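Undergrad: What follows is a structure written as structure tokens; I'll ask about it next.
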Amino acid sequence: MSYQVFDNGDDEKYFRWMEQHLDGFILNVERVSKSLPVVLHCSNCGHIRRGLAEGAFTGRDQIKIAAFVVDELIRWRNKYRPDATVKYCSDCKPAKSVLEQFLFYPDELDSQVELDSRAELWEGAKVQVLVNQYERNAQARQRGIAQYGTRCLVCELDFVERYGPIGEGFIHVHHIKPLASINAGYQVDPINDLRPVCPNCHAMLHRGKEQPLTIEELRALLKR
Ligand SMILES: [Zn+2]
Ligand SMILES: [Zn+2]
Ligand SMILES: [Zn+2]
Numbered sequence: 001m002s003y004q005v006f007d008n009g010d011d012e013k014y015f016r017w018m019e020q021h022l023d024g025f026i027l028n029v030e031r032v033s034k035s036l037p038v039v040l041h042c043s044n045c046g047h048i049r050r051g052l053a054e055g056a057f058t059g060r061d062q063i064k065i066a067a068f069v070v071d072e073l074i075r076w077r078n079k080y081r082p083d084a085t086v087k088y089c090s091d092c093k094p095a096k097s098v099l100e101q102f103l104f105y106p107d108e109l110d111s112q113v114e115l116d117s118r119a120e121l122w123e124g125a126k127v128q129v130l131v132n133q134y135e136r137n138a139q140a141r142q143r144g145i146a147q148y149g150t151r152c153l154v155c156e157l158d159f160v161e162r163y164g165p166i167g168e169g170f171i172h173v174h175h176i177k178p179l180a181s182i183n184a185g186y187q188v189d190p191i192n193d194l195r196p197v198c199p200n201c202h203a204m205l206h207r208g209k210e211q212p213l214t215i216e217e218l219r220a221l222l223k224r
């Protein structure tokens, strides 16, 4: 996967890309200035598709960088506009979509570096990123699993029972400590703070409006 650059009045291709990638992201970039902020939008945001004159989107002062995964845009920005602040559109709230993309599958993140660059970019998401770092801390994870096993505490799915040997040792861990009680000196306590859950239940836990649901709350919602 990679990003696509729309430049030189290529509005038609740009609009087509957005139609075909409604879940994607667009980075709005000044063509000349290397230091003016770049603005991230969701691909379906009204701000970046309002009809202006021909070539207005990709032909004058701005170019559009498009990608299905926001990491690609961060990579682009780090390479070509390292001095530009990243802002995100307050209308389409791309930070929320980004969070959803990676919160649901925190184990898919490739590296710590990635997490750090996101933490920097998504101010509002910082605390949540922190929590996911705890969820990904390998040692704490192992100790949590040693205590609770690898069966989902919400739906009781066991990956070996369901998928056979390929499921051996697979489980997500969820961090249950309230965000407000986490400060700089905080050390993860695997027994008190971490709980094994399957990726589906993990995703549902994080759909809680203000903060994640508790294990008990989600268990109560579970149909049979
Ligand atoms: Zn927007
Ligand atoms: Zn589950
Ligand atoms: Zn979690």
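Residue 96 in full-length UniProt numbering is what sits at position 96 of the sequence shown, and the numbering runs on without skipping anything. By construction, the Cβ of each residue, glycine as well, lies at the ideal position given by its N, Cα and C atoms. Note that the structure is a prediction, hence the values are computed from the model and not measured.
1. Do the stretch 19 to 34 and the stretch 76 to 87 meet, that is, are 3 or more Cβ pairs less than 8 Å apart?
2. List in chain order: all unbroken alpha helix (DSSP H) runs of 4+ residues lying wholly within the stretch 166 to 211.
3. Given a cut-off of 8 Å, decide if Cys155 and Asp91 are closer than it, judged by their beta-carbon atoms.
4. Using a threshold of 7 Å, is the CB atom of Leu213 nearer than that to any non-hydrogen atom of ligand 3?
5. Check each candidate in Ser43, Thr150 and Pro165 and name the one with the smallest Cα separation from His174.
6. Please list, in chain order, all residues of the same chain as Lys87 whose beta carbon is under 8 Å from its beta carbon, the five residues on each side excluded.
7. If you draw a straight line from the alpha carbon of Leu153 to that of Ser2, how long is it in whole angstroms?
8. How long is the line joining the alpha carbons of Asp7 and Ile26, rounded to whole angstroms?
9. Asp23 and Phe68 look like a contact to me (Cβ under 8 Å); what is the Cβ gap, rounded to whole Å?
TA: Judging by the given coordinates:
1. yes
2. 190 to 193 and 199 to 205
3. no
4. no
5. Thr150
6. Pro37, Val38, Val39 and Leu40
7. 37 Å
8. The C-alpha of Asp7 lies about 13 Å from the C-alpha of Ile26.
9. 7 Å
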